[in-house]
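Per our numbering, the sequence shown runs over residues 1 to 167.
Working notes, structure below.
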Amino acid sequence: MSTDGRAGQRPGIRGLDLPGGGTVLARGLRGAPAPDPPVEFGLYLLGHPLDRPTLYGRYLVGLRPWTPPWPYARVDWPDFSAPRRPDEAIGQLSDLLARVGRGERVEVACAGGHGRTGTALAALAVLRGMPPEEAARWVREAYDPKAIESRTQLRFLDRVAASRPPA
């Protein structure tokens, strides 16, 4: 079940207990404070480098430049879409699960904390064996009703399921 404001969390940061154990912090980078205490690793789902804001047309809509003070990885993942390199993203998500299994304090985040973050959280559940449709329902109930914002993101969950080794 997700929590907001538990010990070690701040408003805007949610801890989600994953199926099979472990917790992942999730947030939107736009407007949410950094986790305190800091995470040991962050996975950031953005269509642009962390240290450069994004332009949409003529308007600055991205984040102010930021480099996390902890180890991190970035997945090239445009808003309302799926990762540009799905196999690389699945590898990063698998690595994040391994870190959770080792008891590390980790976070996953995109700009708003809804679509890409929700899709990644559902993908973690799929990697743990949950069917994609069930994972989508689970993340919308446990994390955010706005999680997973497009059909492309739902199809990515199918790709994650296909990447799992046979049981």
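Ideal Cβ placement from N, Cα and C applies to all residues, glycine included.
These figures come from a predicted structure and were not determined experimentally.
- [ ] Can you tell me which of the three DSSP states V39 falls into?
- [x] coil
Note down, in chain order, each residue of its chain lying with its Cβ closer than 8 angstroms to the Cβ of G28, except the 5 sequence neighbours on either side. G12, A109, C110, A111, G112, G113, H114, T117
* Which two residues bound the contiguous alpha helix (DSSP H) that contains E134? -> 132-142
Residue range of the alpha helix (DSSP H) that includes E88
86-101
Review point. Among residues of its own chain, excluding the 5 on either side of R102, which ones have a beta-carbon nearer than 8 angstroms to its beta-carbon?
Key: none
Could you tell me which residues DSSP puts in a beta bridge with D158? Answer is none; D158 lacks a bridge partner.
For P86 and L46, I'd like the C-alpha separation in whole angstroms. 13 angstroms
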